[in-house]
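Report on the following structure.
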Amino acid sequence: MAQKPLKIAVVPGDGIGVEVMPWGVQCLKEISELYNIPLYFEEFDFASVPFYKKHGDMLPRDWKTTLSQFDAIYFGAVGMPDELPDEVTLWGSLLKFRREFDQYINLRPCRLIAGVKSPLADRKPGDIDFWIVRENTEGEYSQIGGKMFEGTDREIVMQETVMTRFGVDRVLKYAFDLAQSRPRKKLTSATKSNGISTTMPWWDSRVREMATKYPDVNVDKYHIDILTAHFVQKPNIFDVVVGSNLFGDILSDLGPACTGTIGIAPSANINPEGKFPSLFEPVHGSAPDIAGKGIANPVGMIWAGQMLLHHFGHTSAAAALLQAMENVLGRSDPGVLTADMGGKGTTKILGEAIVGEIRGFR
Ligand code: ATP
Ligand code: MG
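Numbers 13 to 374, taken from the numbering used here, label the letters of the sequence shown in order.
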């Protein structure tokens with residue numbers, strides 16, 4: 013029986029998003045051909061500054077119906093802060109997707125690749141290889157808060173952290189499942205129960221309860237302050253790290269930073285039940301400073317595509333695509349690596365090298 017194609021909405025967006033996207037799509041096409049995975053792509057021009065200029069909005073009115081028909085959104089980058097404020101571009105597109113499609117998991121790999129220099133001295137590939145799972149919808153980023161006596165010297169400001177059993181448990185379950193699927197089966201929870209007296213001790217108790225369902229997963233926890241220090245000093249102790257919205261946000265920038273340039277790191281916003289599409293994107297933004305120059309690193313975009321395949325269970329194809337990227341970067345050819353990795357290569361040169369590597373697997 014013919015496999016149903018995986019439907020992918022391609023949304024390149026702005027700036028370098030438009031430049032790196034074709035390489036992401038090309039790599040997905042090449043690898044899926046090799047592994048006989050039917051993919052269906054459709055490209056959209058919304059969620060971009062040019063679309064806004066033409067239509068007065070970041071998205072068409074029926075965007076939710078349109079995108080709901082896809083399994084995944086493959087997203088480049090959005091925003092040109094010199095032309096439109098981030099509140100319009102980001103809030104008007106990416107954050108709407110995240111909220112309306114209940115993408116409550118943010119997932120980022122933290123993996124040191126041969127050929128990419130880590131800012132951490134003496135780190136070798138294999139020393140850093142873990143995942144960060146961030147709660148993506150509640151927690152510290154609630155809209156609940158207030159101000160009193162504004163502008164006076166009695167001024168008071170407050171912002172509430174809101175955690176729900178439903179919201180936290182579903183993220184913990186995802187993180188435990190991920191840990192269980194990995195050889196080391198280790199889960200680290202980010203906490204701060206020695207300083208934050210209500211939410212964090214409760215978070216710890218939810219972790220303890222979930223742990224009873226996963227007797228084979230080895231669980232530990234660290235306070236966020238020492239945890240960030242360990243990211244830098246002993247990243248090899250981690251396998252899967254789970255954190256609240258704020259802690260996860262901090263960790264998911266620090267982790268990839270330890271593995272080299274922002275140009276290679278991918279990120280996924282996931283609705284695990286598949287009720288809504290999940291979104292796969294590079295960590296980097298539209299990079300207006302280098303947009304249009306053809307020198308953006310396409311690896312973050314390609315790696316996001318790799319995460320997409322992995323998420324939908326195409327693990328062999330995903331492993332092969334990761335291998336292709338690692339082979340090319342591992343050769344450390346300065347003519348191929350882009351400037352952010354210390355080379356002289358262009359988006360096209362590096363993109364073609366990875367495509368060539370995949371073709372070499374035939
Ligand atoms: P956002 O607010 O959308 O996250 P930003 O301005 O914070 O965007 P980026 O757009 O990612 O961050 O740019 C940060 C810096 O990293 C810039 O100097 C940019 O040129 C560089 N950069 C980002 N992505 C890449 C890439 N793929 N290749 C090379 N350099 C990149
Ligand atoms: Mg920014």
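Glycine is no exception: its CB is placed at the ideal position from the N, C-alpha and C atoms.
Item	Value
Pairwise C-alpha distance: residue 310 and residue 33	8 Å
Residue environment, residue 370, which counts as buried when at least 16 other CB atoms sit within 10 Å	buried
In DSSP terms, what residue 35 is bridged to	According to DSSP, residue 35 bridges with nothing at all.
Three CB pairs or more closer than 8 Å across the region 111 to 128 and the region 274 to 288	yes
Inter-residue spacing [alpha-carbon to alpha-carbon] between residue 256 and residue 374	43 Å
Selection from 84, 45, 96, 321 that minimises the alpha carbon distance to residue 68	96
Proximity of residue 260 and residue 202 at Cβ, strictly below 9 Å	yes
Reference residue 266; option with closest CA among 146, 362, 337	146
Inter-residue Cα distance where the pair is residue 305 and residue 102	23 Å
Residue 273, buried or exposed, once every other Cβ within 10 Å from all chains shown has been counted against 16	buried
Buried versus exposed call for residue 217 [16 or more other C-beta atoms within 10 Å across all chains shown]	exposed
The region 291 to 300 touching the region 81 to 95, judged by at least three CB pairs closer than 8 Å	yes
8 Å contact criterion, which residue 143 and residue 190 should meet: CB distance rounded	6 Å
As assigned by DSSP and simplified to three states, the class of residue 325	coil
Span separating the alpha-carbon of residue 20 from that of residue 54	7 Å
Residue range of the beta strand (DSSP E) that includes residue 119	117 to 123
Beta-carbon proximity check, residue 238 vs residue 262, cutoff 9 Å	no
Selected residue, minimal CA-CA separation from residue 367, among 349, 333, 346	333
Residue(s) in a DSSP beta bridge with residue 171	157
Residue 273: CB within 8 Å of a non-hydrogen atom of the ligand ATP	yes
Near the ligand ADP: residue 298 beta-carbon under 8 Å from a heavy atom	By its list of ligands, the structure shown excludes the ligand ADP, since it contains just the ligand ATP and the ligand MG.
heavy atom of the ligand ATP below 8 Å from residue 93 C-beta	yes
Supposed close pair residue 318, residue 330 - CB separation, criterion 8 Å	5 Å
Residue 25 beta carbon less than 9 Å from that of residue 91	yes
Residue 213 - DSSP class collapsed to helix/strand/coil	helix
Ranges of the beta strand (DSSP E) found wholly within the region 180 to 208, counting only runs of at least 3	198 to 203
Beta-ladder partner(s) of residue 235, from DSSP	203
Which of helix, strand or coil DSSP assigns to residue 246	coil
Distance between beta carbons of residue 128 and residue 276, contact taken as under 8 Å	6 Å
Separation of residue 341 from residue 328, as counted between CA atoms	20 Å
Cα-Cα separation between residue 352 and residue 302, rounded to whole angstroms	11 Å
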